[in-house]
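One structure is given below, encoded as structure tokens.
In this note's numbering, the protein residues as written are 5 to 302.
Structural data, given as structure tokens:
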């Protein structure tokens with residue numbers, strides 16, 4: 005159902021902290037013009053937990069308006085299952101093509117609770133679901149054994165694999181074949197995951213460098229691994245910025261420098277400052293200065 009490059013878009017704010025619809029529309033269109041295969045709203049990178057449910061639906065609707073006939077998904081990541089189910093229902097009414105679902109953002113569910121939570125959200129929204137498995141950020145590991153239980157429900161169609169263990173991707177394929185669409189969610193493991201069978205990339209640095217991200221994906225799919233790897237090696241210092249407590253600030257700074265956007269974030273986050281900012285800015289500017297020429301794509 006879902007494959008290709010699906011950027012997890014950032015949420016843009018005006019100086020007064022309100023949603024900046026115009027800037028989001030502009031940035032989302034840059035992604036679509038580069039050839040991405042869909043958009044995902046209000047994930048970790050989209051500061052979803054800092055937004056009200058109504059704001060998240062607003063951001064999703066902007067994604068949907070820009071993505072056209074390509075899928076737009078809304079992230080469901082709530083502390084309480086009740087609230088997650090309510091958001092899933094709102095997403096369905098707003099026309100979501102699917103949901104990317106995190107089990108819980110506060111309480112670290114055990115396997116039985118994880119299955120119950122995910123099934124409840126699926127029932128509430130009645131939409132296709134991408135299971136977001138990120139044991140590092142969210143402390144809940146959606147294991148292969150848990151996926152086995154969820155596989156009986158046809159609404160669970162995909163897995164965003166973010167365990168940070170590349171072996172997990174092979175384990176999922178070995179256990180389920182093509183039952184789940186397997187997408188990588190770790191930018192600096194993307195080439196590795198795509199090379200061993202992932203069919204999609206939920207991407208972060210794509211927001212600042214969409215052409216390079218799309219090129220890597222398409223080249224791998226065409227079996228042109230050497231060309232993809234050359235770009236990936238250039239890209240790697242940038243991709244490392246996605247694997248950080250400060251991924252939102254890092255990537256918004258990259259957007260500011262690469263596509264002329266802004267760095268505004270919602271408190272308690274603050275834009276990068278001091279030595280940390282200087283280091284990230286150097287990484288971004290150095291990459292821009294030696295940006296590779298991209299090969300022709302089919």
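Cβ coordinates follow ideal geometry from the N, Cα and C atoms, glycine included. The structure displayed is predicted, hence computed values, not measured ones.
Residue 32 sits in a helix when the DSSP states are folded into three classes. By the CB criterion at 8 Å, residue 98 and residue 74 fall outside the cutoff. Judged by their CB atoms, residue 110 and residue 83 are nearer to each other than the 8 Å cut-off. Closest in C-alpha terms to residue 143, from the list 155, 114, 91, comes 114. The alpha carbon of residue 189 has as its nearest neighbour, out of 237, 183, 210, the alpha carbon of 210. Annotation for residue 156: no alpha helix (DSSP H) segment contains it, and DSSP assigns it neither H nor E. Shown here, residue 102 sits in a strand according to DSSP, grouped into three states. In the structure shown, residue 63 falls within a helical segment according to DSSP collapsed to helix, strand and coil. In this structure, the CA atom of residue 169 is about 35 Å from the CA atom of residue 29. Within its own chain, the residues whose Cβ lies closer than 6 Å to the Cβ of residue 91, once the five positions on either side in sequence are excluded, are 57, 80, listed in chain order. Taking the Cα of residue 246 as reference, the smallest distance to any Cα among 234, 102, 47, 200 is reached at 47. For residue 11, the enclosing beta strand (DSSP E) begins and ends at 8 to 11. In terms of CA proximity to residue 5, 184 leads the group 184, 93, 165.
Three or more beta-carbon pairs separated by less than 8 Å are not found between the region 170 to 180 and the region 212 to 222, which leaves the two stretches without contact. When DSSP reads this structure, residue 5 sits in no beta bridge, so it has no partner.
Judged by DSSP in its simplified three-state form, residue 185 adopts strand. Residue 267 carries a coil assignment under DSSP once its states are collapsed to helix, strand and coil.
Comparing alpha-carbon positions, the option among 63, 284, 301 lying closest to residue 260 turns out to be 284. Our two residues, residue 119 and residue 160, have alpha carbons roughly 12 Å apart in a direct line. In this structure, the beta-carbon distance from residue 226 to residue 302 falls below 8 Å.
In the three-state reduction of the DSSP assignment, residue 136 falls in the strand class. The residue from 254, 13, 164 with its alpha-carbon nearest to that of residue 52 is 13.
DSSP lists 78 as the bridge partner or partners of residue 45. Rounded to the nearest whole angstrom, the CA to CA distance from residue 135 to residue 77 is 12 Å.
By alpha-carbon distance to residue 108, the top candidate from 132, 145, 96 is 145.
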